[in-house]
Amino acid sequence: MTYDVFISHAWEDKETVVRDLAVALQEHGLSVWYDEFVLRIGDSLRQAIDRGIANSKFGIVVLSEAFFRKQWTQYELDGLVHMSMHERRRQVCLPIWHKISVNEVTANSPSLANVLALRTSDYSIAQIAEEIAAVVRPAGS
1038 MTYDVFISHA
1048 WEDKETVVRD
1058 LAVALQEHGL
1068 SVWYDEFVLR
1078 IGDSLRQAID
1088 RGIANSKFGI
1098 VVLSEAFFRK
1108 QWTQYELDGL
1118 VHMSMHERRR
1128 QVCLPIWHKI
1138 SVNEVTANSP
1148 SLANVLALRT
1158 SDYSIAQIAE
1168 EIAAVVRPAG
1178 S
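Structure follows, in structure tokens:
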């Protein structure tokens, strides 16, 4: 299966932003790799994440304090950065900043601080989903 987007996030951000974003993206007609939609009992997390990243056109990275503290999110970010480096014709990572400042992002990932991001403090989930859908499926494509 191929996905339009893979959502990388910290568990702590599910309730406040990620679950609603995943649903909103589906409502825009996007196929979404989101753990609650895809993972089943007995699945290997590493293998499922690797397949999800490898088979996704874009990676949404929900950056937060919790995101930068987690090993799994760093593993996912490594995979998405690798994909970006091999997809030289376009940006693969689509960052969302959730309750985090530019200084915190810069301290944890200077390269991500240089990528235009949407902030959950400035945009609603619906607006973020609409912006992502416009990038993933541009008008006329």
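If you're matching positions, the sequence shown starts at 1038 in the numbering used here and goes up one per residue.
Every residue, glycine too, gets a C-beta built ideally from N, C-alpha and C.
A quick note: this is a predicted structure, and the numbers were derived from the prediction, not measured.
If you compare alpha carbons, which of the options is closest to residue i?
i	options	result
Gly1116	Phe1104, Ile1162, Asp1087, Gln1164	Asp1087
Met1038	Asn1151, Gly1089, Glu1167	Gly1089
Thr1157	Val1069, Leu1062, Leu1100, Glu1113	Leu1100
Ser1146	Val1118, Ile1078, Ile1162	Val1118
Trp1070	Phe1095, Ser1081, Ile1078	Phe1095
Ala1047	Asp1080, Leu1082, Lys1107	Lys1107
Would you report the Cα separation of residue i and residue j, rounded to the nearest angstrom?
i	j	result
Asn1092	Leu1058	20 Å
Lys1051	Asp1159	18 Å
Phe1074	Trp1109	18 Å
Arg1083	Val1173	25 Å
Gly1079	Ile1169	31 Å
Gln1128	Ala1150	14 Å
Using three-state DSSP, classify residue i as helix, strand or coil.
i	result
Arg1077	coil
Lys1051	helix
Thr1132	Note on identity: in this sequence residue 1132 is Pro, with Thr being the wrong assignment. Strand, per DSSP.
Tyr1071	coil
Leu1153	coil
Sorted by chain position, which residues of the same chain lie with C-beta nearer than 6 Å to residue i's C-beta, five sequence neighbours on each side aside?
i	result
Ile1097	Val1042, Ile1044, Leu1131
Thr1143	Ala1150
Kindly list the residues whose CB is nearer than 7 Å to the CB of residue i, restricted to its own chain and excluding five residues on each side of it in sequence; keep chain order.
i	result
Phe1105	Asn1145
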